[in-house]
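So the mapping is simple: our numbering equals the position in the sequence shown, first residue as 1, plus 13.
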Amino acid sequence: MSVHIPIPTLSIESCEERQAYLTQLIEEQNLDAVLIGNPRHVHYYTAYWERPFFSPLFLLTRDGVRTLVIPFECDWPTAVDVKKTYTFNKVATLVEDQLANSLHELAGELSGVKKLGVDFGIRPGLLPAQKAEQIDLSAAILKQRRRKYADEMDLFKRLYQTTEAAYGYVREHLRVGVTEVELYAGMMEILGNQQGEHFGFFGNDFRFGEGGGLPRYREAESGQIAVIDLGVECRGYRSDMCRSFAVDTISAAQQDAREQILETIRMVERTVRPGVSCREVYESAFNKLNGHRGWEFPHHLGHGLGLSPHEAPHLNPEWDEIFEVGDLFTVEPGLYHEELKGGLRIEEVYFLGESGLEKLTTLPTKY
């Protein structure tokens, strides 16, 4: 039996650093308070995490009082001054609108507020008995989320240990005749044992002979490529990586596609630094890959990671961004064609720190 490595919690110190940004927004926009309603953001700012069907709230007032509203008492360390509980069930049956009950517990604190900053977890019209002007801080919070803090990186590094462990099952069990669902189920068991707690959404692609899709009861055939793209959630944070596995044998064309993809990844590694255009990096990869031997590279080159599956930076022609220190992002070139029995994709993950690129993914790329 493998030894379970605990998942790092967000640190109180880093949460307080993130809260300082909210305090800055309060000053800059002359707010009376900030109310956070997205459970992932509550975790981000306070370190409190619970199952996703609850509706915790975090209130930070101009005078610095930090109030956390949660469904029940807990001993989870949190960066707050006051904890309150709301009614989340009645005789063990969950109430239908927990957010309304959670907000009700803040009626007193919000009664004198005239200008309130909110995130996208707060629905208009729900605030109890007060007429405060609501200022949407969603864009400002997304901007803050882009630069990863040390405690987030500790959690991500642990999450990638879990994610990569699931690929071990593919290496051992992928063979002619196994079904996509069988591989999917085996990987889920590995993830459960490795993570030791609820791992949220588990995606993304698990098909043989195709570029992607959800698993089916379809058997692997000799010569196909299995594109296995995993995204695992842990306490609101989401990993993402991809490896492509040959079933039984690999053709010369598939080997060429793999080498083209790996050359593209190496090119990106040489290019990325703060200030470089994400769009131009995409365009260089597209020009190298798309049309090679008539094959296609039809999707983005990569994206940021964090509390959403796709965040900034966007390595995509539809966005115009530059790389910044603190970026955590994927690089996932691919090539697709019938000649390739579907296609191949390899996805690596990098953190752009003060001293350069750090690669989080460690698995081999040739199978």
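Just so you know, even glycine gets a beta-carbon here, dropped at the ideal spot from N, CA and C.
Closest to residue i by CA distance: which of the options is it?
i	options	result
Arg-75	Glu-41, Arg-188, Gly-319, Glu-352	Glu-41
Val-285	Gly-199, Tyr-380, His-327	His-327
Lys-151	Tyr-57, Asp-132, Ser-264	Note that residue 151 corresponds to Ser in the displayed sequence, not to Lys. Comparing Cα-Cα distances from Ser-151 to each of Tyr-57, Asp-132, Ser-264, the minimum goes to Asp-132.
Tyr-250	Ala-105, Ser-297, Leu-320, Asn-43	Leu-320
Glu-351	Pro-377, Glu-360, Gly-236	Gly-236
Glu-232	Leu-187, Cys-255, Glu-210	Leu-187
Glu-367	Asp-149, Lys-379, Asp-340	Asp-340
Glu-334	Gly-317, Thr-91, Ala-179	Gly-317
Gly-77	Arg-64, Glu-63, Ile-83, Asp-45	Asp-45
Leu-357	Val-281, Gln-267, Pro-330, His-305	Gln-267
Phe-101	Met-280, Glu-360, Asp-110, Asp-94	Asp-110
Which residue comes first and which comes last in the beta strand (DSSP E) that contains residue i?
i	result
Gly-190	Note, Gly-190: premise wrong, no beta strand (DSSP E); not H, not E.
Val-95	95-98
Lys-128	128-131
Phe-342	341-344
His-323	Looking at the DSSP string, His-323 is not in any beta strand (DSSP E), and its letter there is neither H nor E.
Ile-241	238-247
According to DSSP, is residue i helix, strand or coil?
i	result
Pro-52	helix
Glu-282	helix
Glu-122	helix
Glu-331	coil
Lys-372	strand
Ala-113	helix
Lys-170	helix
Leu-38	helix
His-316	strand
Ile-83	strand
Gly-209	coil
Look at the alpha carbon of residue i and the alpha carbon of residue j, and state the distance between them as a whole number of angstroms.
i	j	result
Val-55	Pro-69	7 Å
Gly-190	Asp-261	11 Å
Gly-225	Phe-169	24 Å
Asp-269	Ile-203	32 Å
Thr-343	Ser-24	25 Å
Val-289	Val-108	49 Å
Tyr-99	Asp-218	39 Å
Thr-277	Gly-315	12 Å
Leu-35	Tyr-173	30 Å
Gly-304	Phe-310	8 Å
Asp-164	His-313	28 Å
Pro-21	Glu-361	22 Å
Would you mind reading off the limits of the alpha helix (DSSP H) that contains residue i?
i	result
Asn-156	Looking at the sequence itself, residue 156 is Lys, so the reference to Asn does not match. Note, Lys-156: alpha helix (DSSP H), 151-159.
Thr-22	No alpha helix (DSSP H) holds Thr-22; DSSP gives it neither H nor E.
Arg-392	This structure does not reach residue 392, given that the chain is present from 14 up to 380, and the question cannot be answered.
For residue i, is the beta carbon positioned less than 7 Å from some heavy atom of the ligand FMN?
i	result
Glu-165	The ligand FMN is absent from the structure shown, which contains no ligand whatsoever.
(message) Is it the case that the region 244-262 contacts the region 203-212, given that we only count it when at least three CB pairs across the two stretches are under 8 Å?
(response) Contact holds: three or more Cβ-Cβ distances are below 8 Å.
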